[in-house]
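Asks: Under full-length UniProt numbering, the residue at position 50 of the sequence shown is numbered 50, and the numbers go up by one with no gaps. C-beta: ideal position from N, C-alpha, C; glycine also. Quick caveat: nothing in here was measured; it's all calculated off a predicted structure.
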Amino acid sequence: MDGEIDNLFRKAVEVVCQYDRASASLLQRRLSIGYARAARIIDQLEAAGVVGATEGSKPREVLVQNAEQFLAKTASGQTSAN
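Below is the structure:
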């Protein structure tokens with residue numbers, strides 16, 4: 001991934017898993033952040049394999065079902081997203 005991971009990345013993983021969809025507008029509402037930051041986090045989620053690629057204006061598919069398991073694997077370095 002390019003640059004540093006946003007400090008709201010972990011919370012964003014929890015949000016998209018909870019709602020089973022991913023969009024910048026969802027992150028804006030749930031994390032109280034602006035569009036640019038939400039879009040950047042969505043890109044980071046895609047690079048980490050949490051969400052699928054963009055499909056126009058539709059919300060992105062969530063590829064991770066369990067946020068806690070994903071975050072535990074990420075913390076221990078077991079994902080390909082490193």
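1) How would you call SER76, buried or exposed, if buried means at least 16 neighbouring beta carbons within 10 angstroms?
2) Using only the alpha-carbon positions, how far apart do ALA12 and ALA53 sit?
3) Between PHE70 and ARG29, what straight-line distance do the alpha-carbon atoms span, to the nearest angstrom?
4) My assumption, with CB atoms under 8 Å, is that VAL15 sits in contact with VAL62. Please give the rounded CB distance.
5) Can you tell me whether ARG60 is helix, strand or coil according to DSSP?
6) Would DSSP call residue 84 helix, strand or coil?
7) Rounded to whole angstroms, what is the Cα-Cα separation between MET1 and ARG10?
8) In three-state terms, what does DSSP make of GLU14?
Replies: For this structure:
1) With fewer than 16 other Cβ atoms within 10 Å, it is exposed.
2) For ALA12 and ALA53, the distance between alpha carbons rounds to 16 Å.
3) Distance between the alpha carbons of PHE70 and ARG29 is about 23 Å.
4) About 10 Å separates the beta carbon of VAL15 from that of VAL62, a gap too long to meet the 8 Å contact definition.
5) ARG60: strand per DSSP, three-state reduction.
6) For residue 84 there is no data in the structure shown, the boundaries of the chain being 1 and 82.
7) Confidence in MET1 is poor, its pLDDT being 44 and thus under 50, which makes the residue's placement too unreliable to answer from.
8) GLU14 falls in the helix class under three-state DSSP.
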